[in-house]
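Please read the structure below before turning to the comments.
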Amino acid sequence: MTANLPEPVSGTCAIEALFLSHFRSHKVTRIEPKARLVALYGPNGAGKTNILEAISYLSPGRGLRRAVPEDIRRREDAAPGWKVAARLRVGDTQHELETWAEAGSGRHVHLDGKAVPQNRLGNLLRILWLVPAMDRLWTEAAEGRRRFLDRMTLSFDPAHADDALRYEKAMRERNRLLKDQVTDAHWYRAVEAQMAATGAAILLRREAAIAAVTAAQRDGLDIFPKAALALIGPDADEDFPRTEEALLDALSEGRNRDMSAGRTLVGPHRCDLSAIYAAKSIPARETSTGEQKALLISLVLANVRALAMATGAAPVVLLDEVAAHLDQERQAALYDELDALGAQAWLTGTGRELFDALGARADYLQVTDDAGLSIVSEAGLNNQH
Amino acid sequence: MSDDTRDIEALIDLMARLPGLGPRSARRAVLHLIKKRGPLMVPLVDALRNVAENARPCLNCGNIGTSDLCAICADETRANGEICVVEEVSDLWAMERAGIFKGRYHVLGGTLSALDAIGPEDLHIPKLLDRVATENVREVILALNATIDGQTTAHYIADQLSGDIAVTSLAQGVPIGGELDYLDDGTITAAMRARKSF
Ligand SMILES: Nc1ncnc2c1ncn2[C@@H]1O[C@H](COP(=O)(O)OP(=O)(O)O)[C@@H](O)[C@H]1O
Ligand SMILES: [Mg+2]
Ligand SMILES: [Zn+2]
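As they're listed, the protein sequences go chains A and W.
Just so we're on the same page, our numbering is the position in the first sequence counted from 1, plus 12.
Just so we're on the same page, our numbering is the position in the second sequence counted from 1, plus 11.
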């Protein structure tokens with residue numbers, strides 16, 4: 013194994029205590045991991061992914077299932093909503109974070125007892141995840157890849173979330189003008205100026221994220237595949253408008269076409285992430301299912317490495333059902349690298365044996381289902397397997 | 012509810028609809044008014060009736076007053092060649108409280124929003140362009156929020172003010188999505204002094 017691992021980073025970024033209340037199959041679940049690596053094991057449907065989903069709500073956005081807040085509240089309970097609370101360690105400081113939603117209201121966030129906007133979370137805790145739904149990322153529509161790239165980008169620069177929101181808002185305004193067949197050119201120019209300014213910033217950040225992950229891939233283990241990543245336009249066009257001026261021109265020139273379409277057909281919301289599988293020089297979508305999965309793991313690891321380098325602290329990593337797809341050598345390599353990078357990683361799998369290579373480095377938590385209620389119990393060393 | 016408290020309950024319900032008041036504070040306010048009937052409630056009724064009959068937007072700038080032309084538009088010394096464009100009357104009042112601006116205003120009454128079906132006419136933008144031409148205006152100051160809609164509106168107006176008219180906007184310090192009304196006088200003054208070309 014050609015391990016070329018950086019020194020473990022000094023900074024810490026971890027969840028010290030996690031509390032779920034009326035969250036899907038969990039009525040009241042409290043977890044205080046003692047190790048940085050946490051292995052959650054138990055049968056299908058026990059409530060393992062639900063725990064990772066709860067953690068994903070400690071970052072901005074709609075969580076790793078992209079759920080609506082109302083679907084999350086535990087159905088069997090009379091509680092008006094759900095809540096996730098956590099004690100975080102970020103460097104030398106501790107923070108209390110609470111997030112919850114009640115029927116009919118959006119998600120609230122309290123940091124150290126004070127209400128804060130959701131996007132503030134991006135400055136606090138960086139969280140990356142890999143879930144089985146992403147297995148078809150390379151073969152499905154561009155939207156999934158864009159979201160993957162934007163999460164990557166957000167992990168490097170939390171301001172990405174604000175620009176994305178502002179761009180989205182300006183684009184909805186323009187789309188409404190197009191649908192209503194408004195012809196006031198001043199109005200289009202005003203909206204397009206907002207789209208071009210935020211759009212150019214979005215593209216710059218995405219390019220920077222791709223560059224950082226590309227650089228970090230070079231230090232990756234050889235047994236994980238690598239890929240040449242690139243930001244491309246619709247229809248794999250590499251020559252799409254990137255600068256504010258180019259976006260302004262493209263939007264203004266595209267007005268008639270967009271009016272027939274009833275929506276905006278140019279801009280960062282139409283971009284795609286292309287990946288050429290390095291070992292075979294073919295697009296990632298043409299490789300085997302196993303190779304595609306391994307590539308995703310490799311990219312997430314590169315992202316973790318790049319972040320550790322850029323910020324001094326590795327992010328929190330959520331890996332759902334990842335071990336099951338790897339042979340033992342790759343499992344061991346994955347665990348070694350997560351350990352070396354100093355990342356707090358939450359891993360799930362159906363059987364405890366999937367985590368054998370972690371040995372004493374991990375906390376083992378067994379998740380079981382008791383008639384629709386998830387039970388999380390600490391597995392002592394004596395009840396191995 | 013018994014017949015003899017119905018009127019009082021109705022008053023409480025109305026009060027509870029005021030911004031900043033809920034059912035609890037509305038009950039307290041009504042009890043207080045009844046206790047201070049002579050010194051407070053009767054003058055309040057008179058004042059409410061008077062304002063209800065006379066309050067209207069200034070035909071020139073959109074400020075709220077009790078005559079066709081507001082005090083600022085009626086005051087010739089404020090025709091100094093500067094117009095400050097704001098979203099709401101509350102923004103105008105905030106600027107006046109700060110006391111830094113000596114020109115006239117134009118109140119849009121909102122921002123451009125295709126999604127909310129608010130267009131240039133709804134915001135009296137044609138009227139603003141007209142005023143710039145007839146009131147000898149040299150500078151238009153865009154004191155709009157940093158939201159997408161606020162900035163789109165600012166851009167829309169600036170785009171149509173060509174030639175020798177300076178178009179400026181408030182300097183940094185106005186928080187994103189923040190409303191002028193929530194800023195303290197010092198912040199408004201600083202943002203006004205350091206205004207920059209749009
Ligand atoms: N809102 C909810 N209320 C109660 N149970 C839920 C809710 N949403 C999902 N579940 C249950 O959670 C279980 C799935 O949990 P999950 O964490 O995905 O399992 P796994 O351990 O396989 O990852 C299912 O049994 C599902 O019925
Ligand atoms: Mg699962
Ligand atoms: Zn007036």
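Ideal Cβ placement from N, Cα and C applies to all residues, glycine included.
Quiz item: If A/Ala335 sits next to A/Gly361, beta carbons under 8 Å apart, how far is it from one beta carbon to the other, in whole angstroms?
Solution: Contact flag correct, Cβ pair sits at about 5 Å.
Practice problem: Scan the segment 99-148 of chain W and note each continuous beta strand (DSSP E) run of 3 residues or more that stays entirely inside, going in chain order. | Solution: You should have 115-118.
Practice problem: Tell me whether W/Leu80 counts as near ligand 3, meaning its Cβ is closer than 7 Å to at least one heavy atom of that ligand. | Solution: Yes, the Cβ of W/Leu80 comes within 7 Å of a heavy atom of ligand 3.
Quiz prompt | Which listed residue (W/Asp57, W/Ile45 and W/Ser78) has its alpha carbon closest to that of W/Ala66 | solution = Closest in alpha carbon position to W/Ala66, among W/Asp57, W/Ile45 and W/Ser78, is W/Ser78.
Quiz item: Quick one, are the C-beta atoms of A/Ala318 and A/Ala227 less than 8 Å apart?
Solution: A contact, by the Cβ cut-off of 8 Å.
Quiz prompt | Those runs of the alpha helix (DSSP H) which lie wholly inside the segment 97-154 of chain A and span at least 4 residues | solution = Counting only runs of at least 4 residues, the segment 97-154 of chain A fully encloses the following alpha helix (DSSP H) elements, listed from N- to C-terminal order: 133-136.
Quiz prompt | Distance between W/Ala154 and W/Ile94 (C-alpha atoms, nearest Å) | solution = Spanning the two alpha carbons is a distance of roughly 10 Å.
Quiz item: Is DSSP giving A/Tyr69 helix, strand or coil here?
Solution: Coil.
Quiz item: What does DSSP give as the partner residues of A/Trp358 in its beta bridges?
Solution: In the DSSP secondary-structure assignment, A/Trp358 is bridged to A/Val50 and A/Leu330.
Practice problem: Let me know the secondary structure DSSP gives W/Ile187 once reduced to three states. | Solution: At W/Ile187 the pLDDT is 42, less than 50, meaning the model places this residue with poor confidence; the figure from the coordinates comes in the next sentence. Coil at W/Ile187, not helix or strand.
Quiz item: Considering only residues of the same chain and omitting the five flanking positions on each side of A/Ser306, which have a CB-CB separation below 8 Å?
Solution: The amino acid occupying residue 306 of chain A in the given sequence is Ala; Ser does not appear at that position. Excluding residues within five positions, the ones whose Cβ falls inside 8 Å are Phe236, Pro237, His337, Leu338 and Arg342.
Quiz item: For A/His281 versus A/Arg217, is the C-beta spacing smaller than 8 Å?
Solution: With respect to the 8 Å criterion, A/His281 and A/Arg217 are not classified as neighbours on the basis of their beta carbons.
Quiz item: In or out: A/Leu133 buried (at least 16 other Cβ within 10 Å) or exposed?
Solution: Flag for A/Leu133 reads buried.
Exercise. Answer yes or no: does any C-beta atom of chain D fall closer than 8 Å to that of W/Ala125?
Key: The chain labelled as chain D is not found among the protein chains of the depicted structure, namely A and W.
Quiz item: Would you say A/Glu114 touches ligand 2, meaning its beta carbon is less than 7 Å from a heavy atom?
Solution: Taken from the Cβ of A/Glu114, every heavy atom of ligand 2 lies 7 Å or farther away.
Practice problem: Could you check which residue in A/Gly125, A/Met146, A/Ile27 and A/Val225 has the C-alpha nearest to that of A/Met321? | Solution: That would be A/Val225, whose Cα lies nearest to the Cα of A/Met321.
Quiz item: Touch check for the segment 191-200 of chain W and the segment 162-174 of chain W: three-plus C-beta pairs under 8 Å?
Solution: In short, these stretches do not touch, since the Cβ pair count stays below three.
Quiz item: For ligand 1, any of its heavy atoms closer than 7 Å to the Cβ of A/Ile84?
Solution: Residue side-chain check: A/Ile84 places its Cβ nearer than 7 Å to a non-hydrogen atom of ligand 1.
Exercise. Reducing DSSP to helix, strand and coil, say where A/Ala15 ends up.
Key: In this prediction, A/Ala15 has a pLDDT of 40, which is less than 50 and means its spatial position is unreliable; nothing more can be read from the coordinates.
Practice problem: State yes or no: is the C-beta of A/Ala242 within less than 8 Å of the C-beta of A/Ser286? | Solution: A/Ser286 is positioned such that its CB atom lies closer than 8 Å to that of A/Ala242.
Quiz item: So, A/Arg85 versus A/Ala91, is the Cβ gap smaller than 8 Å?
Solution: Their beta carbons are under 8 Å apart, which means A/Arg85 touches A/Ala91 by this criterion.
Quiz item: Under 8 Å between C-beta atoms, does A/His107 make it to chain W?
Solution: Not an interface residue.
Quiz prompt | Reduced DSSP category for W/Arg67 - H, G, I as helix; E, B as strand; rest coil | solution = If DSSP states are grouped into helix, strand and coil, W/Arg67 belongs with the strands.
Quiz item: Looking at chain A, which residues of the segment 163-183 of chain W have a Cβ within less than 9 Å of any of its Cβ atoms?
Solution: Listed in sequence order: Thr163, Thr164, Ala165, His166, Tyr167, Ile168, Ala169, Asp170 and Gln171.
Quiz prompt | Sequence-ordered residues whose beta carbon comes within less than 5 Å of a heavy atom of ligand 1 | solution = With 5 Å as the limit between CB and the heavy atoms of ligand 1, the residues that fall short of it are A/Arg36, A/Ser37, A/Asn56, A/Gly57, A/Ala58, A/Gly59, A/Lys60, A/Thr61, A/Asn62, A/Arg86 and A/Arg87.
Quiz prompt | According to DSSP, residues forming a beta bridge with W/Glu93 | solution = Answer is W/Glu150, bridged to W/Glu93.
Exercise. May I ask you to report which of helix, strand or coil DSSP gives W/Gly73?
Key: Of the three classes helix, strand and coil, the one that applies to W/Gly73 here is coil, per DSSP.
Self-check item: Contact set between the segment 145-162 of chain W and chain A, restricted to residues whose Cβ is under 9 Å from the partner
Solution: Taking 9 Å as the Cβ-Cβ cut-off, the segment 145-162 of chain W approaches chain A at Thr158, Ile159, Asp160 and Gln162, given in chain order.
Quiz prompt | A/Leu353 versus W/Asp160 - alpha carbon distance | solution = Between A/Leu353 and W/Asp160, the alpha-carbon positions lie close to 44 Å from each other.
Quiz prompt | Counted within 10 angstroms of its Cβ, other Cβ atoms place A/Gln8 as buried (16 or more) or exposed | solution = It is not possible to answer for residue 8 of chain A, since the shown part of chain A is limited to 13 through 397.
Quiz prompt | Cross-chain neighbours of A/Val203 in chain W, by beta carbon under 9 Å | solution = What A/Val203 touches in chain W: Leu123, Ala125, Ile159, Thr163, His166 and Tyr167.
Quiz item: Whose C-beta lies closer than 8 Å to the C-beta of W/Val148 among residues of the same chain, with five residues either side of it excluded?
Solution: Excluding sequence neighbours, W/Val148 sits near Gly92, Glu93, Ile94, Arg142 and Ile176.
Quiz item: DSSP three-state call for W/Thr179: helix, strand or coil?
Solution: If DSSP states are grouped into helix, strand and coil, W/Thr179 belongs with the strands.
Exercise. Would you mind reading off the limits of the alpha helix (DSSP H) that contains A/Gln304?
Key: Here the alpha helix (DSSP H) through A/Gln304 covers Thr301 to Thr323.
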